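Novice: Just so you know, we're using our numbering here: the first sequence kicks off at 1498 and counts up by one. Using N, Cα and C, we set each Cβ at its ideal position, and we do this for glycine too. Computed from a prediction, not measured in an experiment: that's the story for all the values here. Got a structure here, written out as structure tokens. Questions coming.
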Amino acid sequence: MIEKNYQPADIEERMARLWEDAGAFKAGRPERRDAAPFTIVIPPPNVTGSLHMGHALNNTLQDILCRFERMRGRDVLWQPGTDHAGIATQMVVERQLIDRQQPTRRDLGRDRFLERVWQWKAESGGIIVNQLKRLGASCDWSRERFTMDEGLSRAVVKVFVELHRQGLIYKDKRLVNWDPKLLTAISDLEVQQIEVKGSLWYLRYPIEGKTFSPDDSTSFIVVATTRPETMLGDTGVAVHPDDERYQDLVGKHVILPLVGRRIPIVADEYSDPEKGSGAVKITPAHDFNDFEVGRRHNLSQISVLDKEANLALVGNEDYLRGLPEGSTELAEELNGLDRFAARKKIVARMEDFGFLERIEPNTHMVPHGDRSGVVIEPYLTDQWYVDAKTLAQPAMAAVRNGTTSFVPKNWEKTYFEWMENIQPWCVSRQLWWGHQIPAWYGPDGKVFVAETEEEAVSNALGYYVEQEVITVEQGREMALDRNKRAGFITRDEDVLDTWFSSALWPFSTLGWPDHTPELKRYYPTDVLVTGFDIIFFWVARMMMMGLHFMKEAPFSTVYIHALVRDEKGAKMSKSKGNVIDPLHIIDEYGADALRFTLSAMAAQGRDIKLAASRVEGYRNFATKLWNACRFAEMNACTLLPDFDPTKTEQTLNRWIAHETSRATREVTEAIEAYRFNDAAGAIYRFVWNVYCDWYLELAKPVLTGEEGAAKAETRATVAWARDEILKLLHPFMPFITEELWAVTAKRDSLLALAPWPRKAGLSPEQVAMMALAVSPVEQLPTLALPVIDTAEFVDPAAEAEIGWVVDLVTAIRSVRAEMNIPPARLTALVLSGASAETRDRAPRWSDVIKRMARLSEISFAEKAPEGSVQLLVRGEVASLPLKGVVDLSAEKVRLEKELAKADADINRVDAKLANEKFVANAPEEVVDEEKEKREAAVARKAKILEALKRLKSASS
RNA sequence: GGGCACGUAGCUCAGCGGGAGAGCACUACCUUGACAUGGUAGGGGUCACAGGUUCGAUCCCUGUCGUGCCCA
């Protein structure tokens, strides 16, 4: 029995339990052992996270695909899991320690701090998973993984070691993006360029051998800089080789003001004559461009900042080398100052001595850390790098040759653009939470990379024994006793970039490096569903790692969906804190309404600005469905065994079979093409505007009429079409459909596992055959998909007949409203000059037409009665004798409007047909179409003229 | 500076080489035996602007203006 009211919250909880208890989403269900697999790996959300709208959209779309394919008979694996999210998680826990006034991370030390993080993960790591379940995500939760699971960590180590052995991971000392707040290196992708209003300082650098005077422009060269404080680390001045102003200065030296260092003037194309003074100071240790210039001209690299971006001058040998006596005073004064405080001081000092020429306001891009928000410092350190350029080659080829394709296609361009200019990927992070790098160092800094500590230690000790650094006996002792080797062999403190482990996700979650049956069966996956914001972070890197280690691209399709933005159109992000909580929406309208809204708005290539009114509208849609099912139940509509809609006798039932078939095709094709909005629109219109508005209304007289074959058939068809609707809608609104499926009949299976609507008349055995995979479990899955033919059942005769009823009722309703005839007032209908077809049809539908169009009777006549309102329905005249009821002059106005419209139509077509070029160039069917339109308009005009004539004679 | 989108009804958005669509909002009428979270009917848009291609442009091309995003 269906409850009177639709209450999402109650249903959702029960249905979730139902699925869970039945293991409905488990991959490798025994009965699907031979079915083709369908695999999606979830983009693992951060364990720190909670569900935001982006997750809701992302997972709704994945769930639609998974539920759809599951119903199509495939063995679906939707692999869930979470990401350890290095920086984000470490920050959360650190902040928690501060908030609770507990010992800081450094007070705790590495081991105890990591314990805390694990503890925190155990407490709150399940939140996001539960939220995904509330959304209805049909993941195989029994297979949930975490990027720092034992197995996944093993995969990470294996990949690191192999890449290192192959020379694709190496350690290098170069500039990195350094976050002076988080005290770690970050990759290029984690840097955001933000436009900042700053200044351009013009500084005078005295030329060696001349007496400096601010008034003598030949005694100095002016350099422009946005970062005056880095001048302490300057080791050169660059001018453009073609810049005539500075020709004679190239090769000479300047004396760095305040510091006294002697540095060369070099010619380099990097310097832009149009910008600033045309001369730039070169600070190789603090600027990426300067680093390259410095390399070209063999300039030394002097780092003047420490890791917290404070000036580090005292004891800084690079800085002090070659400075004149007495200049250490400045070093002592500025030492330890923050970079921005130092800037002020240095500018002031420069001004005091006449070295500051002028200051210009200047807007420029400044790099910021995407997590910390502070200004990123290019910093000279030792870090581990992945040779991304080499790995990118196969990854580009796979997309180029179509092995993997993006939907929508235009994202491929973005992918190539980035891949073609890819830089070495800095993968080491100076954090504690993450996969510690499997590298050990000897006393001389020699590195030993191995999968286990035992192996690395044994390699290292062997090496040092051989080098006679230690004796064989010492080596043996150190091998056996960790304490004895402490200080001699030490492990790299750093951990890997979070995205390093995410890059392995499609195969590490399936058990790699072990050769598991799951890996064989479910890799490569079918489709990856994700947002464009992580194409570089994640998609590209999965492509690289997947191809390198599995020799096959990790997925054949990458569906890139829109971003859900906040009401202002701004990107929602965890760090900005402007997320809208989808759970509030779920609480208010239900998960089904939210899911349907997101899919209805998920048009390819367009962002979603979510409006609550849309969600409300789709909640109403759910209510509509609910009530339609109630109606069916109240009328004892139950499914009959072996019911075949194509064998029905009643035109109405044949019509809904025809329409259902059409809707099935539309929904199926739209989902197959990732056109989620079209699929949602098709099912929405079918349920509301076809099934509810017309089919059920037209069926009412039969259902409330006398018992008999017609009634029995209609009851069965109502139930059948309802079931088809529940199936078609299930991927979008799983909860309400599963509930209605359960309460409307005794079922063999859950709706989630029921077969997708198929070509009418196909036996279950046939469908089962088609759903079978070609490959047994132990073989590699083949590319052949189990295509279930949803070809249409069509019945043009039924379509024409019901179409006539619909048109007639609509026309009468429209004119009644226009004439202000109160609903309570019934009118008569006269069909004049009716064709045999109409005379045949009308009696069959008189009950329903009377009911829907508020008629008292329906009759036939040769001619329309005088003084009646005349309507044109499919080329024939239907009249409402309303003389004395309504003002017929209003009718005259109405007809004249119609006449004008008909004339306009005729004229427009005539103009087209008169155009010789149109007739000559347009496709034949287009021309024919126009001709048909003209004929129809002419016929319409004739009838209208006739009606007007009759009206006139009636009023005269 | 380079690249990618987008400017369609009051709002949120579909569509797209052959007569402009949806939801919400709005107006009028209706509590008819599934549903007022409903029904019926209706108003509302020189499809940003200017050129071009075409027999024909909201749709393709170019430019302008405006908005957003990505990369330097």
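1. For TYR1702, name the three-state secondary structure that DSSP assigns.
2. Rounded to the nearest angstrom, what separates VAL2274 and ALA2207 at their Cα positions?
3. Taking the runs of the alpha helix (DSSP H) that are 4 residues or longer, which of them lie wholly in the segment 1911-1963?
4. What did DSSP end up calling GLY1623 once you bin it into helix, strand or coil?
5. For MET1862, report the span of its beta strand (DSSP E) as first-last.
6. So, helix, strand or coil for ILE2057, using DSSP?
7. Closer than 7 Å by C-beta to ALA1484: which residues in its own chain qualify, once you throw out the five before and the five after it? Chain order, please.
8. Please list the segments of the beta strand (DSSP E) lying wholly inside the segment 1520-1566, counting only runs of 3 or more residues, in order along the chain.
9. Please list, in chain order, all residues of the same chain as VAL1962 whose beta carbon is under 6 Å from its beta carbon, the five residues on each side excluded.
10. Beta-carbon within less than 6 Å of PHE1945's beta-carbon, same chain only, minus the 5 sequence neighbours each way: which residues are those?
11. At the level of alpha carbons, what is the spacing between VAL1896 and LYS2398?
12. Smallest Cα separation from GLU1874: which of PRO2254, ASP1803 and SER2053?
13. Counting only the same chain and skipping the five closest in sequence on each side, list residues whose C-beta sits under 6 Å from that of ILE2168.
14. What residues in its chain sit with their C-beta under 6 Å from that of GLU2395, if we drop five residues either side in the sequence?
15. THR2214 and LEU2226 look like a contact to me (Cβ under 8 Å); what is the Cβ gap, rounded to whole Å?
16. Any idea what DSSP makes of HIS2081, helix, strand or coil?
17. Counting pairs of beta carbons, one from the segment 2017-2026 and one from the segment 2045-2061, are three or more of them closer than 8 Å?
18. LEU2328 bridges to which residues according to DSSP?
19. Once DSSP output is grouped into helix, strand and coil, what is the label at SER1650?
20. For ILE1856, does the count of other Cβ atoms within 10 angstroms reach 16, so buried, or fall short, so exposed?
21. Is PRO1577 closer than 8 Å to GLU1641 when the C-beta atoms are compared?
22. Return the chain-ordered list of same chain residues with a C-beta closer than 6 Å to the C-beta of ARG1742, the five sequence neighbours on each side being excluded.
23. List the residues that DSSP assigns as beta-bridge partners of GLY2028.
24. Buried or exposed: which applies to VAL1811, given that a residue is buried once 16 or more other Cβ atoms fall within 10 Å of its Cβ?
25. For SER1902, report the span of its beta strand (DSSP E) as first-last.
26. Do the segment 1746-1766 and the segment 1730-1737 make contact, defined as three or more Cβ pairs closer than 8 Å?
27. Taking Cβ to Cβ, would you say ASP1560 is nearer than 8 Å to ALA1682?
28. Is the segment 2023-2035 close to the segment 2075-2095, with three or more CB pairs under 8 Å?
29. Using a 10 Å radius around the Cβ and a threshold of 16 neighbouring Cβ atoms, would you call LEU2323 buried or exposed?
30. Would you say ARG1503 and ALA2119 are within 8 Å of each other, going by their C-beta atoms?
31. With DSSP as the reference, label GLY1899 as helix, strand or coil.
32. Hey, quick one: how far does the alpha helix (DSSP H) through ASN1786 stretch, first residue to last?
33. Does the segment 1682-1698 come close enough to the segment 1846-1863 to have 3 or more Cβ pairs within less than 8 Å?
34. How many whole angstroms separate the CB atoms of GLU2354 and ALA2325, which I take to be in contact at a CB cut-off of 8 Å?
35. SER2365 lies in the beta strand (DSSP E); which residues open and close that run?
36. Any idea if ALA1889 is buried or exposed, counting beta-carbon neighbours within 10 angstroms, 16 or more meaning buried?
Specialist: If we stick to the structure as given:
1. Position 205 of the first sequence, counted from the start, is the residue given in the question as residue 1702. If DSSP states are grouped into helix, strand and coil, TYR1702 belongs with the strands.
2. Numbered from its first residue, the first sequence carries residue 2274 at position 777. Numbered from its first residue, the first sequence carries residue 2207 at position 710. Because VAL2274 carries a pLDDT of 35, less than 50, the predicted location of this residue cannot be relied on, and the following value inherits that uncertainty. The alpha-carbon atoms of VAL2274 and ALA2207 are separated by roughly 49 Å.
3. Counting whole runs of 4 or more residues, the segment 1911-1963 contains the alpha helix (DSSP H) stretches 1950-1963.
4. Along the first sequence, read from residue 1 onward, the residue named residue 1623 stands at position 126. GLY1623 sits in coil when the DSSP states are folded into three classes, being neither helix nor strand.
5. As a first step, residue 1862 must be located in the first sequence, where it is residue number 365. 1853-1866 is the extent of the beta strand (DSSP E) around MET1862.
6. In the first sequence, counting from the first residue as 1, residue 2057 sits at position 560. Strand, per DSSP.
7. In the structure displayed, the chain extends from 1498 to 2453; residue 1484 sits before or after that span and is not available.
8. Within the segment 1520-1566, the complete beta strand (DSSP E) runs of at least 3 residues are 1534-1538.
9. Within the first sequence, the letter at position 465 stands for residue 1962. If you ignore the 5 residues before and after VAL1962, its C-beta comes within less than 6 Å of the C-beta of VAL1969 and GLY1972, all in its own chain and listed in chain order.
10. Mapped onto the first sequence, residue 1945 falls at position 448. If we look at PHE1945 and ignore the five residues flanking it on each side, its Cβ neighbours are TRP1937, ALA1953, ASN1956 and ALA1957.
11. Position 399 of the first sequence holds residue 1896. Position 901 of the first sequence holds residue 2398. Our two residues, VAL1896 and LYS2398, have alpha carbons roughly 54 Å apart in a direct line.
12. Locating residue 1874 in the first sequence gives position 377, where the first residue counts as 1. Comparing Cα positions, the closest option is ASP1803.
13. In the first sequence, the residue the question calls residue 2168 occupies position 671. If you ignore the 5 residues before and after ILE2168, its C-beta comes within less than 6 Å of the C-beta of PHE1565 and ALA2176, all in its own chain and listed in chain order.
14. Along the first sequence, read from residue 1 onward, the residue named residue 2395 stands at position 898. Exclusion of the five residues before and after GLU2395 leaves ILE2441 as the residues of its chain whose Cβ lies within less than 6 Å of its Cβ.
15. In the first sequence, the residue the question calls residue 2214 occupies position 717. In the first sequence, the residue the question calls residue 2226 occupies position 729. LEU2226 and THR2214 do not touch by the CB rule: their CB atoms are close to 18 Å apart, not below 8 Å.
16. Locating residue 2081 in the first sequence gives position 584, counting from the first residue. Under the three-state reduction of DSSP, HIS2081 is assigned to helix.
17. Verdict: yes, contact present.
18. The sequence position of residue 2328 within the first sequence is 831, counting from 1. Answer by DSSP bridge pairing, in chain order: PHE2357 and ALA2375.
19. Translated into positions along the first sequence, residue 1650 becomes position 153. DSSP places SER1650 in helix when its eight states are reduced to three.
20. Stepping through the first sequence from its first residue, residue 1856 is reached at position 359. For ILE1856, the number of other beta carbons within 10 angstroms of its own is below 16, and it is reported as exposed.
21. Start at 1 with the first residue of the first sequence, and residue 1641 comes out as number 144. Start at 1 with the first residue of the first sequence, and residue 1577 comes out as number 80. In this structure, the beta-carbon distance from GLU1641 to PRO1577 falls below 8 Å.
22. Sequence index remark: in the first sequence, residue 1742 carries index 245 (1-based). Nothing listed; no residue qualifies.
23. Locating residue 2028 in the first sequence gives position 531, counting from the first residue. The partner list for GLY2028 (beta bridge, DSSP) reads HIS2058.
24. The residue given as residue 1811 occupies position 314 in the first sequence. Exposed, by the Cβ-count rule.
25. Working through the first sequence from its first residue, we reach residue 1902 at position 405. Run containing SER1902: 1902-1904, per the beta strand (DSSP E) assignment.
26. The segment 1746-1766 vs the segment 1730-1737: in contact.
27. As a first step, residue 1560 is located in the first sequence; it is residue number 63 there, counting from the start. As a first step, residue 1682 is located in the first sequence; it is residue number 185 there, counting from the start. No. Outside cutoff.
28. No, they do not touch.
29. Along the first sequence, one-based indexing puts residue 2323 at 826. Exposed: under 16 other Cβ atoms inside 10 Å.
30. As a working note, residue 1503 is residue 6 in the first sequence. As a working note, residue 2119 is residue 622 in the first sequence. According to the sequence shown, residue 1503 is Tyr rather than Arg. Yes, the Cβ-Cβ distance between TYR1503 and ALA2119 is below 8 Å.
31. By one-based count along the first sequence, residue 1899 stands at place 402. Residue state, collapsed to three classes: coil.
32. In the first sequence, counting from the first residue as 1, residue 1786 sits at position 289. Per DSSP, the unbroken alpha helix (DSSP H) holding ASN1786 starts and ends at 1785-1793.
33. With the cut-off at 8 Å, the segment 1682-1698 and the segment 1846-1863 touch.
34. Counting from one through the first sequence, the residue named residue 2354 turns up at place 857. Counting from one through the first sequence, the residue named residue 2325 turns up at place 828. Rounded to the nearest angstrom, the Cβ distance from GLU2354 to ALA2325 is 5 Å, consistent with a contact under 8 Å.
35. Stepping through the first sequence from its first residue, residue 2365 is reached at position 868. Per DSSP, SER2365 belongs to the beta strand (DSSP E) from 2365-2370.
36. Along the first sequence, one-based indexing puts residue 1889 at 392. That one is buried.
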